[in-house]
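Here's the structure, in structure tokens; my notes come after.
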Amino acid sequence: MYYSTDLKDNRLVNLIPREKAAEILRYGVSLGADFVELYAEQKALTGISLDDRKITELSNGSQGGVGIRVVKGKTTGYAHTADFELSSLLKATKIASSFDKTDDPGVKFNIDIDNVIGKDNVFGIDNVIGKDNVTNDTKKINKITQYKILPTEVAKSKKVELLNAADEFTRNYDSQISQVTVSYGDSIKHILIANSEGIYVTDTQIRTNFRVSTVAFGDSGLQTGFESVAKTVGFELFDEIDLENIAKEAARRAVIKLEARPAPSGEIPVILAGGSGGILFHEACGHGLEADHIAKQSSVYTDKLDQKVGSKLVTLIDDGTVTNEWGTFSIDDEGQPASKSVLIKDGVLQDYMWDKMRSNGAKREHITGNGRRQSYKYLPMVRMTNTYLLPGDSDPQDIIEDTNRGVYIAQLGGGQVNTASGDFVFGTVEAYMVENGKITYPLRDANLIGNGPDILKKIDAVANDFKMSPGTCGKDGQQVPVGCGQATLRVTGITLGGTSH
Amino acid sequence: MNKVEERIPTDEIEIATSKLADYVVSLANSDEEVEAYVAYGNETSIRVFNSSIETLESAETMGIGIRYIKSGKLGFAWSGQIPISVSEATFNLTCDYAREVFKIAKENSQYATYDEYVFLAEPDGIEPVNLNLFDAKLLEFDTSYKINLAFEIEKLIKAKDKRIKTVEQSNYGDGLTVVSLSSTKNIHAVSKRTGCYLAAYAIAGNSQESHTGGGVTVARNPGDLDPTKVVEDAVKYSTRMVGAIKPKSTVETVVFDPKITSIFLALLSTPFSGNSLAKKRSFLMDRLGETIAAKEVTLTDDPTNQNAYGAGIYDAEGLATRKVNLVENGKLVGFLHSTETAKRCKMEPTASATRSSYFSTPSVGPRALYLNPGNLTSDEILKYVDNGVYVQTVTGVASGVNPISGDFSVGIEGLNIKNGKLDTPIKEATISSTMQKMLLNMCCIGSDVNWLPGVASGQTVAISSMTVSGL
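Protein chains in written order, with our numbering: chain A, 874 to 1374; chain B, 3 to 473.
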């Protein structure tokens, strides 16, 4: 009933068969709901840490439960339970609808619970290991994710070996490396979504990640570096990556910064390396293009559709279907298929990103599949998936040579945006000074600050060396995995928060 | 509006969680160390937008985390799928699940590397203080009262200033938490707490620009919340940014708003952590007894102070919390330690183990950092500084502050300080320095202590020689 660590098979269809789902949804409608949704989840996680040459922790965790969403008028109620029993689910439905419906007409929904029982409307059962997708009767959902090696099928000792090997590679790189931490994580998550519009879908998501963090100690003090890899795949991740290379990158970044000088202060041209994080777009316009911010007029991109919001080199895509990337899935957490959306084309704003509530509220036909949540304990909201800038045709080396004085950023850290003002920051993790068209010396970590609409217009070169990278996006207290991508590009001027004058 | 919860009485939850934790500990053989952390939570959150309830969420959760140690090797497992059982009839079932978690923790221990410093804490003779962190009154308020609080602040903010364009969010939230921690080392720590908050984010501006400003109030029951403060802060912080421009790059004395000081102190806790010290990741290593800050700086972590948001009776290993001195008149006098890091560093434990919840093992951190207040009020600090920059918002803290190297660079919004007074607003700028220099350059510490949500109190603080980057 509750406890299962072996999530090899997706048992959600047994825990919540169609008839049971339909009964819960009908109960919600009988309590006055315009829309009822059931989101069930079972998740198992492994985490391993190595610190100071020791495997300090191997942990396994499991969580699972059902979240019930009830929409009445303009209000959304939400309750969740870790118990899959019908009585608990009905109780949660009652709690989620325990508010009075106001006179205001809210968002319009269809009610078609009979379709939940419909036999063909299923997706993804038994799809854990590379089987083909099943389609439903209204639209074909492509199975995006293919998993080869289920993490639970791999011996724990084999996972532990990876961390020890990475530690060894990292320490061998340079004697100035004084500390190494390595972390490994995998997760298997089954989800099932049924709603009063007639959806009954289920899917399995498997994610694996690996990270090496380093500290170097030298005359200038302590410096840090890291390298990480994260994909929506199983243990086959380690057949595809070069562990030694990841370890060495993490070490190199810390060691090189022992020689780093303070970064400049003030506005300066900035070159971002291909795959250096792509977080520029995630923060400069990604969040501002989420339909919930638009509906609340808390985005600088409100009422800007079909207007020029960036230089003609800016074509921005959000795409939940990129094979095995960190922000990829087959269906989103509202049961909608992932899709590829063109947000900005040649600098002109084309569309926003949508979840079900905002999409129905705007009476749209097409939902972009951007409704996501951290777990069954949370309401879904509009989130990015993999957000990337299409590559251009410049040579990355030419962009550097064409820059008289500027900063070259090889790797970015995180960032943050205020969607209302459009001001955003992002940090450097590996950066260099560019003088007379040449990369000269390394710079200490600093943040950059800019205004989204302003910076998008200042992109004057985009190269052809496109790369994706993984990240974790936080919004309203919920963390979800996302991808970012871009080729080498240049911003003609952005404020760098260093201390050198 | 109906009262939605059918709450289980809190004392029954205390008994149930404690019984479960003790049961897990009873599974240990004599050569095994076992610790069970059982956490129960019941939360409500309400969001209001444009005079409608946007969302109303209700949550009841329970989970268990088990640490297992044998021969210096640690294994850990957790589950968020433990049924909440307060009756004898279902207790056996709950124990079955807990036993599964125990088995996995035990299995996982064999993969750890032997470490002589890995062991569980033992009671060290310090008696727990008596704090009132649980206020039963919280349970008496019905949902409609809470909703009305959120409606009220939204209405008042909109009415207060015509430059307010909208209130992006007006939120109420509350929670009740019960934690039971038991171990084979004779630890039996049961604690409960209540908390609630009211917060709003206003957007002020005109057709050309938008600026956000927030306000928040926290208490142990909704009757003690201060809605007026939320309204005043949200309006003040958003409206005074209207007309903000990007400043020129310069070097200035910077004055932190109390909430920024609170954020800064929380960041500063990393180099003071015994874990950073033990792993040689702290820029404060080997500096005990040396001057590391301006002589005005006396910094403590005191979770036994009832007023502190992070006040607590026990740490995450079940030891009684105590006051820890970190900096006295600018001299480094201590670090925050768990029993493990204290032993590694050959120092005294300070009961500073923390954990986010049942799904993680303990780490080391502060609960209630506190700067000894100085003599000047915030206005007097502005007069003393005369010309500089007042910071009311920081962004990019996660990406721009490196607590290992000490590099500090964050985005800011705030106001110029001119002739001892707050002047025109500035935005899209950064301030930067290193944490090492900032400690030494803290030239004024305000008398205005604010007990803010988080791990540190806040007060107005002036720091000289910060680089302000803009144009």
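For each residue, glycine too, the CB sits at the ideal point set by N, CA and C.
Could you name the residues of the same chain whose beta carbon sits closer than 6 Å to that of residue 1251 of chain A, not counting the 5 residues immediately before and after it, in chain order?
As a first step, residue 1251 of chain A is located in the first sequence; it is residue number 378 there, counting from the start. Cβ contact annotation for residue 1251 of chain A (same chain, cutoff 6 Å, sequence separation greater than five): 1351, in chain order.
Alpha carbon of residue 55 of chain B to alpha carbon of residue 1230 of chain A, nearest angstrom
Here residue 55 of chain B refers to the residue found at position 53 of the second sequence. Here residue 1230 of chain A refers to the residue found at position 357 of the first sequence. Using only the alpha carbons, I get a separation of about 15 Å.
Which of helix, strand or coil does DSSP assign to residue 111 of chain B?
Stepping through the second sequence from its first residue, residue 111 of chain B is reached at position 109. Helix.
Going by other Cβ atoms of all chains shown within 10 Å of its Cβ, with 16 needed for buried, is residue 992 of chain A buried or exposed?
Here residue 992 of chain A corresponds to residue number 119 of the first sequence, with the count starting at 1. Any reading at residue 992 of chain A must be qualified, since the residue scores a pLDDT of 49, below 50, and its modelled position is unreliable; no value is offered.
Straight-line Cα distance separating residue 191 of chain B from residue 319 of chain B
Position 317 of the second sequence holds residue 319 of chain B. Position 189 of the second sequence holds residue 191 of chain B. One C-alpha to the other measures close to 9 Å.
For a contact defined as C-beta to C-beta under 8 Å, what are the partners of residue 409 of chain B on chain A?
Start at 1 with the first residue of the second sequence, and residue 409 of chain B comes out as number 407. The answer, in chain order, is 1317, 1318 and 1319.
CA nearest to the CA of residue 53 of chain B, picked from B:161, B:30 and B:390:
Taking the first residue of the second sequence as 1, we reach residue 53 of chain B at position 51. Closest by alpha carbon: B:161.
Using the beta-carbon count (16 or more within 10 Å), is residue 273 of chain B buried or exposed?
Translated into the one-based positions of the second sequence, residue 273 of chain B becomes position 271. Residue 273 of chain B should be labelled buried.
Runs of 3 residues minimum, wholly inside the region 1041-1112 of chain A: which ones carry the beta strand (DSSP E) assignment?
1050-1068, 1073-1091 and 1094-1104, all fully within the region 1041-1112 of chain A.
Where residue 281 of chain B falls: helix, strand or coil (DSSP):
For the purposes of this step, residue 281 of chain B is taken as the residue at position 279 of the second sequence. Three-state result, residue 281 of chain B: coil.
DSSP bridge partner residues for residue 431 of chain B (one or two, in chain order):
Counting from one through the second sequence, the residue named residue 431 of chain B turns up at place 429. Paired residue(s): B:414.
Please tell me whether residue 429 of chain B has its Cβ less than 8 Å away from any Cβ of chain A.
Position 427 of the second sequence, counting from 1, holds the residue named residue 429 of chain B. For residue 429 of chain B, the answer is yes, since a Cβ of chain A falls inside 8 Å of its Cβ.
Extent of the continuous beta strand (DSSP E) to which residue 914 of chain A belongs
Counting from one through the first sequence, the residue named residue 914 of chain A turns up at place 41. For residue 914 of chain A, the enclosing beta strand (DSSP E) starts and ends at 908-924.
Output needed in chain order: residues of the region 934-950 of chain A with a Cβ under 8 Å from some Cβ in chain B.
934, 935, 936, 937, 938, 946, 947, 948, 949 and 950: these are the residues of the region 934-950 of chain A whose beta carbon lies less than 8 Å from some beta carbon of chain B, given in chain order.
Bridge partners of residue 213 of chain B, per DSSP?
Looking up residue 213 of chain B in the second sequence gives position 211. Bridge partners of residue 213 of chain B: B:206.
Neighbour flag for residue 1209 of chain A against chain B, beta carbons, 8 Å:
On the first sequence, position 336 is the one that residue 1209 of chain A refers to. Not a single CB atom of chain B sits nearer than 8 Å to the CB of residue 1209 of chain A.
Please report whether the beta-carbon of residue 898 of chain A lies at a distance below 8 Å from any beta-carbon of chain B.
Residue mapping note: residue 898 of chain A aligns to position 25 of the first sequence, counting from 1. Cβ-Cβ to chain B under 8 Å: no for residue 898 of chain A.
Measuring alpha carbon to alpha carbon, tell me which residue in A:921, A:889 and A:897 is nearest residue 110 of chain B.
Taking the first residue of the second sequence as position 1, residue 110 of chain B is located at position 108. For residue 110 of chain B, the nearest C-alpha among the options comes from A:921.
Out of B:336, B:337, B:331 and B:303, which one is the CA nearest neighbour of residue 323 of chain B?
Here the question's residue 323 of chain B lines up with position 321 in the second sequence. In terms of Cα proximity to residue 323 of chain B, the closest of B:336, B:337, B:331 and B:303 is B:303.
On the criterion of 16 or more Cβ atoms from any shown chain inside 10 Å, does residue 1210 of chain A qualify as buried, or is it exposed?
Counted from its first residue, the first sequence places residue 1210 of chain A at position 337. Classification for residue 1210 of chain A: buried.
Got a sec: which bits of the region 949-970 of chain A sit with their beta carbon under 8 Å from any beta carbon on chain B, in order along the chain?
Cβ contacts with chain B: 949, 950, 951, 952, 953, 954, 955, 956, 968 and 969.
Rounded to whole angstroms, what is the Cα-Cα separation between residue 168 of chain B and residue 1338 of chain A?
Residue numbering aside, residue 168 of chain B sits at position 166 when the second sequence is read from its first letter. Residue numbering aside, residue 1338 of chain A sits at position 465 when the first sequence is read from its first letter. Each residue's alpha carbon lies about 43 Å from the other.
Reduced DSSP secondary structure (H/G/I, E/B, other) of residue 471 of chain B
As a first step, residue 471 of chain B must be located in the second sequence, where it is residue number 469. In the structure shown, residue 471 of chain B falls within a strand segment according to DSSP collapsed to helix, strand and coil.
Taking residue 912 of chain A as the reference, give the member of A:905, A:902, A:898 and A:1363 with the closest Cα.
If you number the first sequence from 1, residue 912 of chain A lands on position 39. Across the set A:905, A:902, A:898 and A:1363, the C-alpha of A:898 shows the shortest separation from the C-alpha of residue 912 of chain A.
What residues in the region 1289-1313 of chain A have a beta carbon less than 7 Å from any beta carbon of chain B?
Within the region 1289-1313 of chain A, the qualifying residues are 1289, 1291, 1293, 1294, 1296, 1298, 1299 and 1300.
Beta-carbon gap between residue 120 of chain B and residue 342 of chain B smaller than 8 Å
The count along the second sequence starts at 1 and reaches residue 120 of chain B at position 118. The count along the second sequence starts at 1 and reaches residue 342 of chain B at position 340. For the pair residue 120 of chain B and residue 342 of chain B, the CB atoms are nearer than the 8 Å cut-off.
Please list, in chain order, the residues of the region 186-217 of chain B that have any C-beta partner in chain A closer than 9 Å.
Within the region 186-217 of chain B, the residues whose Cβ lies closer than 9 Å to some Cβ of chain A are 203, 205, 207, 211, 212, 213 and 214, listed in chain order.
Using a Cβ cut-off of 7 Å, pull out every chain B residue sitting near residue 1324 of chain A, in sequence order please.
In the first sequence, the residue the question calls residue 1324 of chain A occupies position 451. Going along chain B in sequence order, the residues near residue 1324 of chain A (Cβ under 7 Å) are 430.
For residue 1063 of chain A, which option in A:1258, A:1178 and A:887 has the closest C-alpha, if you only look at C-alpha atoms?
Within the first sequence, residue 1063 of chain A is the residue found at index 190, counting from 1. Checking every option, the nearest Cα to that of residue 1063 of chain A belongs to A:887.
CB contact below 8 Å: residue 927 of chain A versus chain B
Looking up residue 927 of chain A in the first sequence gives position 54. Closer than 8 Å to some Cβ of chain B, the Cβ of residue 927 of chain A qualifies, so yes.
Would DSSP call residue 994 of chain A helix, strand or coil?
Counted from its first residue, the first sequence places residue 994 of chain A at position 121. Here residue 994 of chain A scores only 45 on pLDDT, less than 50, and its place in the model should not be relied on; the value that follows carries that caveat. Taken through DSSP and simplified to helix, strand or coil, residue 994 of chain A comes out as coil.
Within its chain, find whatever has a CB closer than 6 Å to the CB of residue 1241 of chain A; leave out the 5 residues flanking it on each side and keep chain order.
For the purposes of this step, residue 1241 of chain A is taken as residue 368 along the first sequence, with counting starting at 1. Around residue 1241 of chain A: 1212, 1214, 1226 and 1227.
Tell me the residue span of the alpha helix (DSSP H) that contains residue 291 of chain B.
The residue you call residue 291 of chain B lines up with position 289 of the second sequence. From DSSP, residue 291 of chain B is part of no alpha helix (DSSP H); its letter is neither H nor E.
Minimum C-alpha distance to residue 1111 of chain A - residue among A:1059, A:925 and A:918:
Residue 1111 of chain A sits at position 238 when you count from the first residue of the first sequence. Here the closest residue by C-alpha is A:1059.
Cutting at 6 Å between CB atoms, please list the residues of its own chain near residue 335 of chain B, excluding the five before and the five after it.
The residue you call residue 335 of chain B lines up with position 333 of the second sequence. Cβ neighbours of residue 335 of chain B beyond the five flanking positions: 327.
Go through the region 1210-1277 of chain A residue by residue and report every complete run of the alpha helix (DSSP H) that reaches 4 residues or more, in order.
Those alpha helix (DSSP H) runs which fall completely within the region 1210-1277 of chain A and span 4+ residues are 1229-1234 and 1269-1274.
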